[in-house]
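Working notes, beginning with the structure itself.
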Amino acid sequence: MAGLWERPPYCERTVKYQGVATVSEMDAEPIPAEDASMSDPAICAFLTKQLCMHGGRLLTKDIPKLIGLTPDHTASILREEGKRFPEPEPGTVMVQSPVGICSGYLGNRCQATDCGRLHLCRFFILGRCFHRGNRHGKVCRFSHNIHAEGNRAVLEANEISDLNEKELQALLLLNDPSCLPEVCYEYKGDKAEVSCQKAEECHRLHVCQYFLRGQCRFHKCNRSHNLLDAIAFKIMTRYGLSEELINNIQLLRMHQCKEARQVHWKQDRPKENKDKASQPYVYQADSSSENPREPVEICFYHIWKFCKNLRECPLMHYHLPYRWQIQKVLGVWEDLPCMEDIEKAYCDPHKISSEHHTVNFEKMISSYHQVRRLSTTSSVTQPPDHLMTTKWVWHWKNEHGKWIEYGKHGGKEKATITSSDLEKDYLADKKALVLFQAGDQRYQINFKDMIQKNLAYKTEKEVRRRPRFVSKDDIDRLKACGGAVMNTTQLSSSGQAIPSYWDRNAVPDLGYKLVQLDQYSREWEEIEESFELTMPNHSIQKVQRIQNITLWKFYQMQKETMKRQNRKDVIEKKLFHGTNKTHFRAICQNNFDWRICGVNGTMYGKGSYFARDASYSDNYCDSTSSSKSMFLARVLVGDFVMGYDHYTRPPPRPYKQDTFYDSCVNKDHDPSIFVIFEKHQIYPEYIIEYSKNYESYPEYTTPIFQTQQNYQTQQNYRTQQNYQTLQDTSCRIL
Numbered sequence: 008m009a010g011l012w013e014r015p016p017y018c019e020r021t022v023k024y025q026g027v028a029t030v031s032e033m034d035a036e037p038i039p040a041e042d043a044s045m046s047d048p049a050i051c052a053f054l055t056k057q058l059c060m061h062g063g064r065l066l067t068k069d070i071p072k073l074i075g076l077t078p079d080h081t082a083s084i085l086r087e088e089g090k091r092f093p094e095p096e097p098g099t100v101m102v103q104s105p106v107g108i109c110s111g112y113l114g115n116r117c118q119a120t121d122c123g124r125l126h127l128c129r130f131f132i133l134g135r136c137f138h139r140g141n142r143h144g145k146v147c148r149f150s151h152n153i154h155a156e157g158n159r160a161v162l163e164a165n166e167i168s169d170l171n172e173k174e175l176q177a178l179l180l181l182n183d184p185s186c187l188p189e190v191c192y193e194y195k196g197d198k199a200e201v202s203c204q205k206a207e208e209c210h211r212l213h214v215c216q217y218f219l220r221g222q223c224r225f226h227k228c229n230r231s232h233n234l235l236d237a238i239a240f241k242i243m244t245r246y247g248l249s250e251e252l253i254n255n256i257q258l259l260r261m262h263q264c265k266e267a268r269q270v271h272w273k274q275d276r277p278k279e280n281k282d283k284a285s286q287p288y289v290y291q292a293d294s295s296s297e298n299p300r301e302p303v304e305i306c307f308y309h310i311w312k313f314c315k316n317l318r319e320c321p322l323m324h325y326h327l328p329y330r331w332q333i334q335k336v337l338g339v340w341e342d343l344p345c346m347e348d349i350e351k352a353y354c355d356p357h358k359i360s361s362e363h364h365t366v367n368f369e370k371m372i373s374s375y376h377q378v379r380r381l382s383t384t385s386s387v388t389q390p391p392d393h394l395m396t397t398k399w400v401w402h403w404k405n406e407h408g409k410w411i412e413y414g415k416h417g418g419k420e421k422a423t424i425t426s427s428d429l430e431k432d433y434l435a436d437k438k439a440l441v442l443f444q445a446g447d448q449r450y451q452i453n454f455k456d457m458i459q460k461n462l463a464y465k466t467e468k469e470v471r472r473r474p475r476f477v478s479k480d481d482i483d484r485l486k487a488c489g490g491a492v493m494n495t496t497q498l499s500s501s502g503q504a505i506p507s508y509w510d511r512n513a514v515p516d517l518g519y520k521l522v523q524l525d526q527y528s529r530e531w532e533e534i535e536e537s538f539e540l541t542m543p544n545h546s547i548q549k550v551q552r553i554q555n556i557t558l559w560k561f562y563q564m565q566k567e568t569m570k571r572q573n574r575k576d577v578i579e580k581k582l583f584h585g586t587n588k589t590h591f592r593a594i595c596q597n598n599f600d601w602r603i604c605g606v607n608g609t610m611y612g613k614g615s616y617f618a619r620d621a622s623y624s625d626n627y628c629d630s631t632s633s634s635k636s637m638f639l640a641r642v643l644v645g646d647f648v649m650g651y652d653h654y655t656r657p658p659p660r661p662y663k664q665d666t667f668y669d670s671c672v673n674k675d676h677d678p679s680i681f682v683i684f685e686k687h688q689i690y691p692e693y694i695i696e697y698s699k700n701y702e703s704y705p706e707y708t709t710p711i712f713q714t715q716q717n718y719q720t721q722q723n724y725r726t727q728q729n730y731q732t733l734q735d736t737s738c739r740i741l
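Counting in the numbering used here, the sequence shown runs from 8 upward without gaps.
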């Protein structure tokens with residue numbers, strides 16, 4: 008742990024602390040000054056042990072007697088080892104350590120013995136793992152052995168190998184936030200307008216997640232920093248933490264956050280240059296290294312709305328979540344032109360350079376000049392509602408030169424490890440080795456070399472980490488709609504209102520155009536997620552957006568009419584529809600017609616049928632070739648009711664015989680099939696071309712993460728628990 012606490016490395020000669028065997032006696036004689044260095048590793052290790060024996064906290068005046076040193080020598084050690092033995096309040100010393108439990112191990116993603124984190128059961132640390140010594144013979148699948156090979160190495164590296172189980176438990180509970188109850192991500196603060204509504208019924212902590220990590224840098228944080236609050240205290244005691252431990256955690260976190268503020272807020276800032284206002288995008292870099300005073304992360308609060316910290320914010324204020332800069336003469340960083348084009352190229356894992364300004368992404372240079380990319384923080388470090396974060400995507404390269412996203416289909420089955428999993432592991436340790444199972448093969452990802460290696464056959468695949476592309480228009484659209492998904496509009500070349508995400512150059516006055524989506528766009532990602540919910544053994548090959556301004560205008564007019572009639576917002580869904588390919592052109596041109604497309608059945612009424620689940624619509628797709636195609640349509644389902652085969656329109660509403668329901672469904676609660684009788688309630692938006700995943704090359708080269716048996720078990724569970732639409736397979740309606 009010498010390197011972790013920035014203490015000068017001690018010599019290879021191990022100095023055996025003379026008092027270790029007998030210092031527990033209160034009358035132990037102090038060690039002479041000449042026999043003990045001020046921060047001898049053995050002394051520090053023994054002091055750590057004593058602190059852990061006492062719950063992680065001791066009075067300063069009691070320490071000299073416990074470790075057998077004079078008060079002066081003790082004070083010198085505490086000064087030198089201030090990181091390890093902080094004094095959160097006068098007269099009190101606590102123990103602090105970076106050691107923690109490996110989250111990848113608990114998620115079955117890390118099998119390495121040298122990842123630098125402890126591979127231990129979290130409930131074992133809490134002292135309440137029910138599988139340990141269970142009389143029913145059940146054995147915990149996580150380790151309870153603190154002296155296992157990998158764990159022993161971690162303890163020795165951090166100079167705490169002398170701790171027993173109880174002492175290590177005390178150290179981890181005090182320092183590792185992953186051992187504590189989860190923080191409620193819906194909680195935005197006690198005075199926030201939108202926050203968790205469960206209040207006392209919520210089982211998660213209503214505290215600042217950064218405070219719980221000891222990292223909150225705000226002087227006036229909107230979220231609570233009080234673990235001794237009645238509700239938080241109740242949750243933590245139910246979790247198995249003692250009152251003394253909770254008090255110690257509160258005290259240590261307050262000290263850690265104070266230190267974090269001093270590091271990031273109390274820096275000596277250069278005097279503001281009035282001439283700099285005319286050059287807001289130029290920074291002076293340190294000639295020897297990157298200037299520590301210069302912000303290297305973009306503030307997402309500033310992009311979204313505003314940053315309340317203004318000039319005191321330690322982060323960069325910029326209008327985009329990314330920023331490309333080139334270092335010119337005298338170390339000055341200047342913004343690159345065509346920044347959005349460079350970013351779009353960088354987001355494509357197939358590209359190693361951009362056409363604009365010839366930026367080499369692998370070496371991050373342009374014509375021998377250093378290039379850098381600044382961005383907002385990674386999305387995995389923030390709650391899902393923080394929209395201006397950077398979503399990093401991890402890809403691996405298959406035999407055919409295609410880059411496959413982890414968690415997406417690349418072989419015959421979908422991977423169980425995702426980009427988010429890898430991103431979390433990468434942020435925890437950028438030199439880590441992550442192991443995972445692929446069928447009966449084992450693979451290892453080396454973050455340092457960005458290589459995926461098959462441990463049996465020694466074959467290697469390239470790995471790339473690239474962000475998800477976000478344009479300035481995307482940001483403006485999100486800000487305009489407050490983060491909600493909605494159809495803001497722009498004008499086509501002919502002056503007609505169209506969705507802002509349409510290609511303005513492909514909007515004919517009559518008829519339609521098909522626009523192929525970028526595989527790495529958010530639009531594609533949303534479609535793929537919805538499709539793969541029920542089609543995990545299929546891969547999308549192509550998605551085309553249907554741009555028909557005439558059908559779009561009728562759809563929007565119908566939406567406004569229904570809104571006025573119902574006196575409320577209309578329920579709109581994206582639903583699947585499978586049919587013969589011979590009908591595709593007619594649907595794109597004139598919309599769905601149940602007399603043509605609905606010939607398979609009329610169990611719930613004589614209308615056009617749409618399914619929530621792609622797997623249901625797949626039954627009615629043309630399968631004459633190796634690939635299939637289906638529609639994904641926008642549908643105004645509005646207020647719906649159970650349908651019957653004799654319906655030619657929805658039935659009247661109760662007590663309002665002059666008004667009718669908007670659509671019919673296969674069941675009243677959680678319907679999966681919707682029947683639409685008015686075609687203007689439909690807009691055919693996408694054509695999805697897809698194929699079944701087959702094992703086209705040896706299994707050891709493909710990251711297959713589930714056996715067929717496990718996959719079938721998972722499918723059976725999904726069918727029984729989540730998707731009940733197959734009960735209607737006798738009705739051939741799509």
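Think of the CB as a built atom: it goes at the ideal place given N, C-alpha and C, for glycine as much as any other residue.
Element boundaries [beta strand (DSSP E), containing residue i]
i       : result
Trp-509 : Note, Trp-509: premise wrong, no beta strand (DSSP E); not H, not E.
Asp-342 : 339-342
Pro-390 : Where Pro-390 is concerned, there is no enclosing beta strand (DSSP E), given that its DSSP letter is neither H nor E.
Beta carbon of residue i nearer than 8 angstroms to that of residue j
i       : j       : result
Cys-215 : Cys-223 : yes
Ser-622 : Gly-645 : no
Ile-683 : Val-642 : yes
Phe-647 : Pro-659 : no
Gln-332 : Leu-317 : no
Gly-62  : Ala-177 : yes
Val-470 : Glu-430 : no
Ile-547 : Met-637 : no
Pro-321 : Ile-242 : no
Cys-122 : Cys-136 : no
Val-100 : Cys-59  : no
Arg-475 : Tyr-527 : yes
Leu-394 : Trp-311 : yes
Lys-549 : Gln-565 : no
Arg-91  : Cys-51  : yes
Assigned secondary structure, residue i (DSSP; H/G/I helix, E/B strand, else coil)
i       : result
Tyr-413 : coil
Thr-397 : strand
Pro-184 : helix
Leu-235 : coil
Lys-265 : helix
Lys-765 : In the structure as shown, the chain begins at 8 and stops at 741. Residue 765 is therefore absent and cannot be evaluated.
Lys-370 : coil
Lys-404 : strand
Sequence-distant residues of the same chain with beta carbon closer than 6 angstroms to residue i, five excluded per side
i       : result
Cys-191 : Cys-203, Cys-209, Arg-211, His-213
His-545 : Tyr-697, Lys-699
Asp-428 : Arg-116
Cys-306 : Cys-314, Cys-320, Leu-322, His-324
Beta-carbon separation (whole angstroms), residue i vs residue j, contact threshold 8 angstroms
i       : j       : result
Tyr-413 : Thr-425 : 6 angstroms
Tyr-693 : Ile-534 : 6 angstroms
Ile-132 : Ile-108 : 7 angstroms
Tyr-756 : Arg-245 : With the chain running from 8 to 741 in the structure shown, residue 756 is simply not present.
His-126 : Gly-75  : Rounded, the Cβ-Cβ distance is 35 angstroms, inconsistent with contact.
Leu-219 : Pro-184 : 5 angstroms
Val-270 : Leu-381 : The Cβ separation is near 20 angstroms, so there is no contact.
Cβ shell of residue i (< 8 angstroms), same chain only, five flanking positions each side left out
i       : result
Met-346 : Leu-327, Tyr-329, Arg-330, Trp-331
Tyr-562 : Arg-641, Leu-643, His-687, Gln-688, Ile-689, Tyr-690
Thr-365 : Ser-373, Ser-374
Lys-198 : Asn-229
Own chain partners of residue i with C-beta closer than 7 angstroms, once the 5 adjacent residues on each side are dropped
i       : result
Gln-257 : Leu-234, Leu-235
First and last residue of the uninterrupted alpha helix (DSSP H) at residue i
i       : result
His-80  : 78-87
Ser-624 : 621-625
Leu-54  : 48-60
Ala-352 : 346-354
Ala-164 : 156-164
Beta carbon proximity, residue i to chain B, threshold 8 angstroms
i      : result
Asp-79 : No chain B is present in this structure, which holds just one protein chain.
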